[in-house]
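Protein chains in written order, with the numbering used here: chain A, 770 to 1051; chain B, 25 to 461; chain C, 44 to 336.
C-beta atoms are modelled at their ideal positions from N, C-alpha and C, and glycine is treated no differently.
All figures in this text were calculated on a predicted structure; none of them were measured in a lab.
Rendered as structure tokens:
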């Protein structure tokens, strides 16, 4: 720093610690609540430290679910979330990288038209046109299928742009060299472009995995069979469980389970995550 | 066999059943019974399936009443509808309109086609009249019906030295005494449109809409901005200002306030009985008839039901419908009905189940549990008290909720709110008329 | 925009864009067209019949005080979330930028909420603020604030604003930190030599240099608050009490799926799509500008 002022330093740390506390406190409380029984959570003030029922609560949640909310095991919901997140992630990456490749490395009629079509979807989240999209999916007979759960969310303007920007920075000499070697466009893509995009793909993977895992409204609508429920939408059934009051220790347990996979991915691959986030939005 | 063993045995079966049930006819049954109620519904489905060689009933919890009904309609549009869907009473008009167009398989016809004995007169008139067509044919199977009662915290009332109130004036006085004795929000209620407008009107024999509360035709128009209702709503709002009434949210959201003693007088469905019995440990509670507004009527008329019925949707195979018919017959038997009634607080929907409960001495061991059925059968229903039938009523209730909440928050007077609710509600009625004529 | 050196192929490029374009056509354009079409009809719940009504759905919509109130709610909600999330994260980023050595560990502790699903974030805050047993509601009561988001619309709105902002702080923090780290140290040092204090340096040097980042985040945060917070609201307040948290996207869903008023829901979709496309162009102009320099 430019100068060293002890008061300013203390203030700096105080701000940061306060920020960390503000961000961590809710999850701390959720974690604590998930280790108690209904009794401890029935009236204020609720305990701030762990109870002894954590193991029982989590075993029940993972294997049997919450009877009051239909008794769908959270373990199964998490499996579905994982499948959905992975299909969306790989699907998005796959179709984006090839369409970006076409747009950057080829010249063909309607190229700009296609580009604009993809671009228009950039900020048109599914929530905005939810009813007709649902209608289309039902007409195609895709309700209650993994395809219906994932394919409509697979188009990605963001990923296409990221790859386009990246391809534009790759020197033209590489293409010329490939030409001299008589490598065709498919060879060039597989042997040169794909390996070069490794970091970008990995970074994008994290962002898209979180996007896929955190989907809520779409799975809520297209799944009517319990075998396809995902954990993020599943929690809604527990909070609004008909006439009964929410069973908070189970709800909080589910919230914790539902956030573990994406949070672990972000923390474990922090560098790539930051890169992915900052670059995909530029 | 005791109830407990049935429960545990059938729950075990429910888990084991799907493994060897593949060759049975599969029936999808979507319901909105969360919590304890859901467990009993699952038990019924599993118990019936275990006893049947050809049928498997798959009971699926689909969220609250609104979510369950809308999910079923969306599924119908998609051709993925369940066989049986539980629809609450306010969705009746929508389902009836759908019956005209062929989406619904009426229960009387289902039973006929399946050759299952079915005696409509076994059901309580107050319940059945809500769900029959103009030729007195039953369209859906009454399953869980309740009516609002006033729940009271006896321990708190005794401590404050007041008797159980029977009129609204007494409610106010009791609330004052309770407040003075340290009860935070003495009075509260849930399902406010149902308890404070629909049932208030029926209880005092005043119409809430034209055309016999919608039974006579789709041209019906709301009239619940009359003086009686407006004054009643204003009374509750004034109680709120005085700290005697505390609003605790829509539906049953305020249930917790009664359970933990914040509230001592709570008007809501009789069906909270089962939950209260297991949750309330530290005070004595009871239920009594709805209070009378002496400025409006000298004696109460009768209350109207709430709750839900089971509708059968078209588009499946006949052997599956045979299963549905048999399952319905199973559900209507006095044993099931009495068990359901005694464990949940829903009214017994057949006379036989009511008699059986009496025989078993249930009303002696659990005094007050016949309050609901007494309210329903107090007098012969008049056009004002036999029920209501409005299109788009799910949305209309939302509007009423919104307007009432504006009153409780002090943003509107009761008059302004009721006028607005009627105007907005009528727009919905006209839209329903246009879409269904 | 494109390479100088390119490949030549008649069919390959079409094959390559086909999957993306197919998904876009089927799940974006077809539904959008359908929304436009349905917005001119009224239809019964089960979809048996529909009747052409021209612009009636739109007229009804803009005559409905509830819908107009939703615009206001959305705006208040969006601006509050943005202000809260931007302000907090800027403070944190400035602080983190000062502590060079510890910055890494603070960053780890500050970025993970980004991964928490909005629905889960909402449910947790809903639990913390529950009027009868939530710990925050209990503390507030100690401070003399009677908290009850079941009744009080403003409090319900505050609840969803806080939960939505809580989740967005991490994201903004990362961008602000990246922006701060790219400001040349020499500039700050030069100002320090001129005896400009830290606060003045912040306003005269740091903020102007951060303005592209800030503008970008402003748009992203608004879009987030307008469209991505549906889950948060649906899983908690469900739009209530008294419509107080019923933002525009929530209303589209509620009118269509809960109210079964398909025509009106479609009309609302069309209005929203027009708004979104407008916002996309604003952002695009900004993106293009950034690309050119």
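Measuring alpha carbon to alpha carbon, tell me which residue in the options is nearest residue i.
i: residue 389 of chain B; options: B:452, B:400, B:367 and B:198; result: B:367
i: residue 222 of chain B; options: B:333, B:294, B:76 and B:253; result: B:253
i: residue 58 of chain B; options: B:69, B:86, B:50 and B:52; result: B:86
i: residue 245 of chain B; options: B:398, B:456 and B:338; result: B:456
i: residue 1038 of chain A; options: A:1018, A:976, A:982 and A:1017; result: A:976
i: residue 939 of chain A; options: A:827, A:973 and A:964; result: A:964
i: residue 844 of chain A; options: A:898, A:897, A:999 and A:944; result: A:999
i: residue 64 of chain C; options: A:859, A:871, A:810 and A:798; result: A:871
i: residue 68 of chain B; options: B:338, B:205, B:364 and B:128; result: B:364
i: residue 454 of chain B; options: C:255, C:71 and C:85; result: C:85
i: residue 194 of chain B; options: B:51, B:391 and B:314; result: B:314
i: residue 159 of chain B; options: B:350, B:182 and B:133; result: B:133
i: residue 156 of chain B; options: B:425, B:131 and B:197; result: B:131
i: residue 72 of chain B; options: B:393, B:328 and B:355; result: B:355
i: residue 118 of chain C; options: C:204, C:160 and C:95; result: C:204
i: residue 293 of chain B; options: B:285, B:284, B:310 and B:305; result: B:310
i: residue 915 of chain A; options: A:787, A:854 and A:1007; result: A:854
i: residue 947 of chain A; options: A:805, A:874 and A:1046; result: A:874
i: residue 877 of chain A; options: C:52, C:172 and C:183; result: C:52
i: residue 257 of chain C; options: C:160, C:136 and C:95; result: C:136
Which chain B residues sit within Cβ distance under 9 Å of residue i?
i: residue 81 of chain C; result: The premise fails here: residue 81 of chain C is roughly 12 Å from chain B at the closest Cβ pair, so nothing lies under 9 Å.
i: residue 194 of chain C; result: 270, 271, 272, 273, 429, 432 and 433
i: residue 285 of chain C; result: 425, 426, 427, 428, 429, 430, 432, 433 and 435
i: residue 913 of chain A; result: 104
Are residue i and residue j close, meaning C-beta to C-beta below 7 Å?
i: residue 1023 of chain A; j: residue 138 of chain C; result: no
i: residue 803 of chain A; j: residue 1025 of chain A; result: yes
i: residue 96 of chain B; j: residue 84 of chain B; result: no
i: residue 196 of chain C; j: residue 287 of chain C; result: yes
i: residue 410 of chain B; j: residue 153 of chain B; result: yes
i: residue 338 of chain C; j: residue 276 of chain C; result: No information on residue 338 of chain C is available, as it lies outside the stretch 44 to 336 that chain C covers here.
i: residue 205 of chain B; j: residue 184 of chain B; result: yes
i: residue 113 of chain C; j: residue 253 of chain C; result: no
i: residue 437 of chain B; j: residue 229 of chain B; result: no
i: residue 986 of chain A; j: residue 273 of chain C; result: yes
i: residue 215 of chain C; j: residue 171 of chain C; result: no
i: residue 334 of chain B; j: residue 170 of chain B; result: no
Along chain A, in chain order, which residues have C-beta atoms closer than 9 Å to that of residue i?
i: residue 284 of chain B; result: 811 and 812
i: residue 196 of chain B; result: Simply none; closest approach about 28 Å.
Below 6 Å, is the gap between the Cβ of residue i and the nearest heavy atom of the ligand SAM?
i: residue 223 of chain B; result: Inclusion of the ligand SAM in the displayed structure is not the case, the ligand content being empty and no account of it being possible.
Give the interface partners of residue i over in chain C, defined as CB-CB distance under 8 Å, in chain order.
i: residue 985 of chain A; result: 160, 161, 162, 273, 274, 277 and 278
In chain C, which residues lie less than 7 Å from residue i when you measure between Cβ atoms?
i: residue 728 of chain A; result: As displayed, chain A neither begins before 770 nor continues past 1051, which places residue 728 of chain A out of reach and without an answer.
i: residue 960 of chain A; result: Those within 7 Å of residue 960 of chain A in chain C number zero; the least Cβ separation is about 14 Å.
Which residues in chain B have a C-beta closer than 8 Å to the C-beta of residue i? List them in chain order.
i: residue 826 of chain A; result: By Cβ distance, chain B contributes nothing, its closest Cβ being about 17 Å from residue 826 of chain A, past 8 Å.
If the cut is a Cβ gap below 8 Å, which residues of chain A does residue i touch?
i: residue 95 of chain B; result: 993
i: residue 101 of chain B; result: 904 and 907
i: residue 222 of chain B; result: Result: empty, since nearest Cβ-Cβ is about 18 Å, beyond 8 Å.
Can you pull the chain A residues whose beta carbon is under 7 Å from the beta carbon of residue i, in chain order?
i: residue 292 of chain C; result: 896 and 897
i: residue 155 of chain C; result: 1032, 1035 and 1036
Just the chain B side, please: which residues come within less than 7 Å of residue i by C-beta, in chain order?
i: residue 311 of chain C; result: Correct list: empty, because the minimum Cβ distance to chain B is about 14 Å.
Counting only Cβ pairs nearer than 9 Å, list the residues of chain C close to residue i.
i: residue 418 of chain B; result: 301, 302 and 303
Using a C-beta cutoff of 7 Å, does residue i count as contacting chain E?
i: residue 280 of chain B; result: Among the protein chains in the structure shown, which are A, B and C, there is no chain E.
Using 8 Å as the threshold, is the stretch 77–94 of chain C in touch with the stretch 97–106 of chain B, meaning 3 or more CB pairs across them?
yes
Touch test, the stretch 176–184 of chain B against the stretch 286–303 of chain B, Cβ-Cβ under 8 Å, three pairs minimum:
yes
Report the start-end ranges of each alpha helix (DSSP H) in the stretch 344–425 of chain B that is 4 residues or longer and not cut off at the edges.
358–368, 375–383, 386–389 and 395–400
Note down, one range per segment and in chain order, each alpha helix (DSSP H) of at least 4 residues found wholly within the stretch 174–222 of chain B.
178–184 and 192–204
Under 8 Å: do the stretch 408–427 of chain B and the stretch 295–311 of chain C share three or more Cβ pairs, one atom per stretch?
yes
Three or more C-beta pairs closer than 8 Å, one from the stretch 311–319 of chain C and one from the stretch 125–144 of chain C: is that the case here?
no
Please confirm if the stretch 404–418 of chain B is in contact with the stretch 107–121 of chain B, defined as three or more CB-CB distances below 8 Å between the two stretches.
yes
Segments of 4+ residues assigned as alpha helix (DSSP H) that fall wholly inside the stretch 940–969 of chain A:
941–949 and 954–957
I'd like the ranges of any beta strand (DSSP E) spanning at least 3 consecutive residues and lying wholly in the stretch 270–317 of chain C.
none
What residue ranges within the stretch 292–321 of chain B form continuous beta strand (DSSP E) runs of no fewer than 3 residues, ordered along the chain?
309–312
Jot down the residue ranges of each uninterrupted beta strand (DSSP E) in the stretch 102–149 of chain B, minimum 3 residues, whole runs only, in chain order.
108–112
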